[in-house]
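Here is the structure we will look at, set down as structure tokens.
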Amino acid sequence: MTTKTTKLSVFAFLGLGLVVYGQDYSGKVGINYDKPSATLEIKGKSANTATTLEGLIIPNVSKNKAYLMTTNADMSLKESTLIYVDNISDYTGSDAKVADITEKGYYYWNGTKWVKNGGGSSVGATNGLTLASSNVKLGGALTEATTINQNNNALTFTTGTTGKLNVNGNLYLQSRVYVVPNNQQDATNPATQTQGVNGLYNVAKAGANLRNHDGADAITYSEYDYMIVLTNDGVSGKIELPSASANPGRIIYLINGTPIGLAFSGVNLDGTSDKYPYNFGTLANRSGVAFVSTGKTWYPIGR
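Number 614 in our numbering belongs to position 285 of the sequence shown; there are no gaps in the numbering.
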């Protein structure tokens, strides 16, 4: 194996009588290094603590020059050609081969067009997305009608304890709407399937929106409650709603599953009560009423 020492003249580039030292080692070229481990290996000459300038500068061209290179009739651009575009203002055309040159930076020729190095192509964010530096974030204005096809897959929003899903405008529901029922623990085992008196056929399940209240004690509400079936007439005179001020816009649906009317523990005749519905004192037997919070008090929206 032979090692050939070569002096590489840079006079043609700089107009100076300077030379750099390189070696051809088994078909490989090393600059400032005599045993290159690749086709071309360049070693810096100064220590990392020095201020000496090091690096590799490839041709700097404008966007217009990058375009003109694609029109060369004598020689086709070689795929993988690398350039640095330092000016994009001198090109006003619309050729697709330079369409991705939108800012200064390194670009390579992929055989069809110039592509930004490291980014594939220039990245933008539109139609509900926001571009923050190199991150695309969810959130922004829709710029076109948009359809999400779930393809029979569930789309779930988990809000946590205090989060809410707000629709500030019109909400159009075209098909069925579901809430989470308080299903029995094991549908195949009759031993675990209990039915509250006058109530739903189920047992307790955390996170359910539909449930029974089988006791004679006052209702303890959870963040998940939407519809509650009251099955014990002993609750009469103890019924309250959760704080209206803490639940603005919330809807609670109470169903009386007993054969007698069930009374609230207080009355609200002036619309100021935080826990009792306005001008409503008793749930009629075998009936249900929905209540909505205004943030100040509760109003019945169905009888």
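Glycine included, C-beta positions come from ideal geometry on N, C-alpha and C.
In the DSSP assignment, what residue or residues form a beta bridge with residue i?
i, result
"M404", "M404 pairs with nothing; no bridge assigned."
"Y555", "Paired residues: none, contrary to the question."
"P571", "Answer is none; P571 lacks a bridge partner."
"R540", "I557"
"N464", "A461"
"V618", "L583"
"L591", "L612"
"I477", "Beta-bridge pairing links I477 to no other residue."
"E370", "G359"
"P629", "F620"
"P606", "W627"
"P510", "L539"
Alpha carbons only, please: which of the options is nearest the one belonging to residue i?
i, options, result
"N561", "N538, I589, E370", "I589"
"F486", "Q479, L494, L583", "L494"
"N389", "D424, Y437, K357, S366", "Y437"
"K445", "G434, T455, N499, A454", "G434"
"N393", "A376, A428, G373", "A428"
"G492", "E552, D363, Q479", "E552"
"A547", "A537, D554, L570", "L570"
"K466", "I477, T476, G453", "G453"
Are the Cβ atoms of residue i and residue j separated by less than 8 Å?
i, j, result
"G566", "A592", "yes"
"I557", "R540", "yes"
"V621", "G610", "no"
"S594", "I568", "yes"
"P365", "K374", "no"
Stretch pair the region 396 to 415 + the region 365 to 385: three plus CB contacts closer than 8 Å: The region 396 to 415 is not in contact with the region 365 to 385.
What are the uninterrupted segments assigned as beta strand (DSSP E) that are 3 or more residues long and contained completely in the region 386 to 446, given in chain order? 389 to 391, 411 to 416, 434 to 438, 443 to 445
Any contact between the region 596 to 607 and the region 622 to 629? By contact I mean 3 or more CB pairs, one from each, below 8 Å. yes
Between the region 615 to 624 and the region 578 to 585, are three or more C-beta pairs nearer than 8 Å? yes
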